[in-house]
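**Q**
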Amino acid sequence: MASLVLAEHDNAMLKDATHKAVTAAAAISTPVHVLVAGENCEAVAQAAAKIAGVEKALHADAPSLARQLAEPMEALILSLAGAYDAILAPATTTGKNILPRVAASLDTPQVSEILKVVSPDTFEHPIYAGNAIETVQAPAGKIIATVRTAAFGAAAEGGGATLEKITAPADPGLSKFIGEALSKSERPELTSARIVISGGRGLGSAENFKLLDSVADKLHAAVGASRAAVDAGYVPNDYQVGQTGKVVAPDLYIAVGISGAIQHLAGMKDSRKIVAINKDADAPIFQVADYGLVGDLFKSLPELDEELAKRGYK
Amino acid sequence: MKVLVPVKRVIDYNVKVRVKADQSGVDLANVKMSMNPFDEIAVEEAVRLKEKGMATEVVALSIGPHQASETIRTALAMGADRGILVKTDQTVEPLAVAKILKAIVEAERPDLVITGKQAIDDDSNQVGQMLAALLGWPQATFAHSLELAADSAKVAREIDGGLQTVEVKLPAVITTDLRLNEPRYASLPNIMKAKKKSIDEKTAADLGVDIAPRLKVLKVSEPPKRGGGMKVESVGALLDRLKADGVI
Ligand SMILES: Cc1cc2nc3c(=O)[nH]c(=O)nc-3n(C[C@H](O)[C@H](O)[C@H](O)COP(=O)(O)OP(=O)(O)OC[C@H]3O[C@@H](n4cnc5c(N)ncnc54)[C@H](O)[C@@H]3O)c2cc1C
Ligand SMILES: Nc1ncnc2c1ncn2[C@@H]1O[C@H](COP(=O)(O)O)[C@@H](O)[C@H]1O
Numbered sequence: 001m002a003s004l005v006l007a008e009h010d011n012a013m014l015k016d017a018t019h020k021a022v023t024a025a026a027a028i029s030t031p032v033h034v035l036v037a038g039e040n041c042e043a044v045a046q047a048a049a050k051i052a053g054v055e056k057a058l059h060a061d062a063p064s065l066a067r068q069l070a071e072p073m074e075a076l077i078l079s080l081a082g083a084y085d086a087i088l089a090p091a092t093t094t095g096k097n098i099l100p101r102v103a104a105s106l107d108t109p110q111v112s113e114i115l116k117v118v119s120p121d122t123f124e125h126p127i128y129a130g131n132a133i134e135t136v137q138a139p140a141g142k143i144i145a146t147v148r149t150a151a152f153g154a155a156a157e158g159g160g161a162t163l164e165k166i167t168a169p170a171d172p173g174l175s176k177f178i179g180e181a182l183s184k185s186e187r188p189e190l191t192s193a194r195i196v197i198s199g200g201r202g203l204g205s206a207e208n209f210k211l212l213d214s215v216a217d218k219l220h221a222a223v224g225a226s227r228a229a230v231d232a233g234y235v236p237n238d239y240q241v242g243q244t245g246k247v248v249a250p251d252l253y254i255a256v257g258i259s260g261a262i263q264h265l266a267g268m269k270d271s272r273k274i275v276a277i278n279k280d281a282d283a284p285i286f287q288v289a290d291y292g293l294v295g296d297l298f299k300s301l302p303e304l305d306e307e308l309a310k311r312g313y314k
Numbered sequence: 001m002k003v004l005v006p007v008k009r010v011i012d013y014n015v016k017v018r019v020k021a022d023q024s025g026v027d028l029a030n031v032k033m034s035m036n037p038f039d040e041i042a043v044e045e046a047v048r049l050k051e052k053g054m055a056t057e058v059v060a061l062s063i064g065p066h067q068a069s070e071t072i073r074t075a076l077a078m079g080a081d082r083g084i085l086v087k088t089d090q091t092v093e094p095l096a097v098a099k100i101l102k103a104i105v106e107a108e109r110p111d112l113v114i115t116g117k118q119a120i121d122d123d124s125n126q127v128g129q130m131l132a133a134l135l136g137w138p139q140a141t142f143a144h145s146l147e148l149a150a151d152s153a154k155v156a157r158e159i160d161g162g163l164q165t166v167e168v169k170l171p172a173v174i175t176t177d178l179r180l181n182e183p184r185y186a187s188l189p190n191i192m193k194a195k196k197k198s199i200d201e202k203t204a205a206d207l208g209v210d211i212a213p214r215l216k217v218l219k220v221s222e223p224p225k226r227g228g229g230m231k232v233e234s235v236g237a238l239l240d241r242l243k244a245d246g247v248i
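Protein chains in written order, with the working numbering: chain A, 1 to 314; chain B, 1 to 248.
Here is the structure:
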């Protein structure tokens, strides 16, 4: 049959997470269709139709879908489910919110955060904060899974899928969007940045946390944080990297003033190169770091910034 | 208003698990077990609702082996009123957990179910959403703050871009995120008091729920190990290395 991928977007822009989920879907069942649900998101649907390997982009536009709340999204996906033998979503907070509802209504188990498609019904996914990898085989029937985007390459641009408008079922009317407070940043997004620099409790204050900014700007890096830094109010929740925050796998991850708890490592240990700056030579972060700089970050960070400037990074 | 809080007994968050040599699972023998941290947050929130006079009864429920009653006792010591243990020695997948919870909800008729957002052993992040779907209830996942009214709840949710606030009609399922509250430690008098609270014991069969696993675990393996790293002496040396590696 076919597989359906839930597109990640904000009504204006299609996110790269979609392209990665498409790669996973293509290994499970083809053709691949992408569902773009939202309000006034025509441009997103057109972008989805350009992902290579996608046969059809389904576009559902309705005020009730504007925020992709779980209840109307469940109703929409259930109205389409019959035609698919796999339904996937990127493991973002949107996908994680919606997909288990769909799975339960279809009486189908969900496999969370697949890392690898071993065969169309068999997947690897992390358990215990990534300290173990479980290989599971789904029963006959539909495959329902969220996709760890850091583990898959993005499907290329350049496809020519057909665009089909579909009608959303009536809003179940159980929930209502009230408002949002989104972090604004000119920097690349954490989950798709090539370089990430993260700060921990060692930064000591929201004011000090800004020391990371200048280095981040020079390296065009995204800025992340440990849970302790978020809990202490240095930065908002969406900066958190880890088992229960965002999972990143950039080319370069720089951990500053972060001890390296299991839960933090779970979110970054698949980065290509890891740098740790910490004054405690025994900090566990050094066990996963390719390059460790033992020292006071309040000395090393300004030095790093200066040295980058000297070498022409702006 | 009655609040139901499912609490899972899991490996303590400080323990680094080891994969068994035969790849059949992880080694849980003689490992410290605790209440799932997100469920502690859920219990705390429910108890606070009771202290504010908004909830009348808090029921803690666990699905698991005999020892899961200790996890329920912890919830009772934090302030929950009574417990229910659905006893099984089997692994219970999220969908089956949700089905058991549905059966309990139908018998207990709570107005609110507060679950953790994820169990730190299976890391599934599924049960709350599945339960809401099976009941046809709304959900507010990854709760950062909660404002409860008589027939609705306003919940700020931790999402990838920041915070999103939704209002859900009651009854509803709420799942907790880390910043919702800081769970209390149970005091000694409350631990003593908890010993007198009742824990009702049931089985999945009593509830008419089939909990046979649907997913087949083929193996559990160790994640790839990172090669040993090195210490660098200076920022300059560090940048030289990164440049040579082609990452900056
Ligand atoms: C259920 C649960 C989920 C969790 N999820 C996550 C998660 O998703 N992400 C996450 O990160 N954590 C998570 N945690 C928390 C985790 O266990 C750790 O508490 C947290 O990662 C610690 O953050 P930290 O390294 O910034 O702080 P600390 O452990 O306090 O480390 C601070 C480090 O800074 C160093 N330092 C201090 N001053 C300086 C200085 N001047 N110069 C250089 N170095 C300095 C210290 O040597 C130390 O190593 C979770 C915990 C639980 C229970
Ligand atoms: N065996 C269980 N007993 C009680 N509650 C559970 C159990 N398994 C999961 N839960 C609840 O469901 C939440 C999410 O679990 P999961 O979907 O497995 O990550 C947990 O935080 C608990 O609140």
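Cβ atoms here follow ideal geometry from the backbone N, Cα and C, with glycine treated the same way.
Which residues, taken in chain order from the stretch 15-36 of chain B, show a beta carbon closer than 7 angstroms to some beta carbon of chain A?
**A** Against chain A - using a Cβ distance shorter than 7 angstroms - the residues of the stretch 15-36 of chain B are K16, V17, V19, V26.
**Q** If you draw a straight line from the C-alpha of F100 of chain A to the C-alpha of L308 of chain A, how long is it?
**A** Note that residue 100 of chain A corresponds to Pro in the displayed sequence, not to Phe. Their Cα atoms are separated by approximately 46 angstroms.
**Q** What first and last residue would you give for the beta strand (DSSP E) that runs through L146 of chain B?
**A** 139-148
**Q** Taking only beta-carbon positions, decide if I197 of chain A is within less than 7 angstroms of chain B.
**A** no
**Q** Could you check whether the Cβ of L182 of chain A sits closer than 7 angstroms to any Cβ belonging to chain B?
**A** yes
**Q** If you draw a straight line from the alpha carbon of Y185 of chain B to that of I98 of chain A, how long is it in whole angstroms?
**A** Computed Cα separation, rounded: 34 angstroms.
**Q** Are the C-beta atoms of S175 of chain A and some chain B residue less than 7 angstroms apart?
**A** yes
**Q** For N181 of chain B, go through chain A and note every residue whose CB falls closer than 9 angstroms to its CB, in chain order.
**A** Going along chain A, no residue has its Cβ under 9 angstroms from N181 of chain B, so there is no contact; the nearest lies around 12 angstroms.
**Q** With a threshold of 7 angstroms between beta-carbons, can P223 of chain B be considered close to chain A, or not?
**A** yes
**Q** What would DSSP say about P90 of chain A, mapped onto helix, strand or coil?
**A** strand
**Q** Please confirm whether E186 of chain A has its beta-carbon closer than 7 angstroms to some beta-carbon of chain B.
**A** no
**Q** Quick one: is N131 of chain A buried, meaning 16 or more other Cβ sit within 10 Å of its Cβ, or exposed?
**A** buried
**Q** Spell out the partners DSSP gives G224 of chain A in its beta bridges.
**A** A:S198
**Q** Can you list, in chain order, the residues of the stretch 74-96 of chain B whose Cβ is nearer than 8 angstroms to any Cβ on chain A?
**A** In summary, the residues of the stretch 74-96 of chain B whose CB is separated from some CB of chain A by less than 8 angstroms are E93, P94, L95, in the order they occur in the chain.
**Q** Distance, Cα to Cα, S185 of chain A vs D160 of chain B?
**A** 13 angstroms
**Q** Under DSSP, the beta strand (DSSP E) around V275 of chain A begins and ends at which residues?
**A** 273-278
**Q** In this structure, does DSSP put R73 of chain B in helix, strand or coil?
**A** helix
**Q** Out of curiosity, what's the CA-to-CA distance linking A48 of chain A and A7 of chain A?
**A** Near 8 angstroms, if we compare the C-alpha coordinates of A7 of chain A and A48 of chain A.
**Q** Nearest CA to the CA of A276 of chain A: which residue from B:M230, B:K20, B:S62?
**A** For A276 of chain A, the nearest C-alpha among the options comes from B:M230.
**Q** So that I know if they touch, is there some Cβ in chain E lying closer than 7 angstroms to that of M54 of chain B?
**A** Absent from the structure: chain E. Protein chains present are A and B.
**Q** Out of curiosity, what's the CA-to-CA distance linking A151 of chain A and P250 of chain A?
**A** 11 angstroms
**Q** Using beta-carbon positions only, say whether E157 of chain A and K50 of chain A come within less than 7 angstroms of one another.
**A** yes
**Q** Please tell me whether A315 of chain A and S3 of chain A are closer than 7 angstroms, where the distance is taken between their beta carbons.
**A** Because residue 315 of chain A is not part of the residues shown, which for chain A are 1 to 314, the question remains open.
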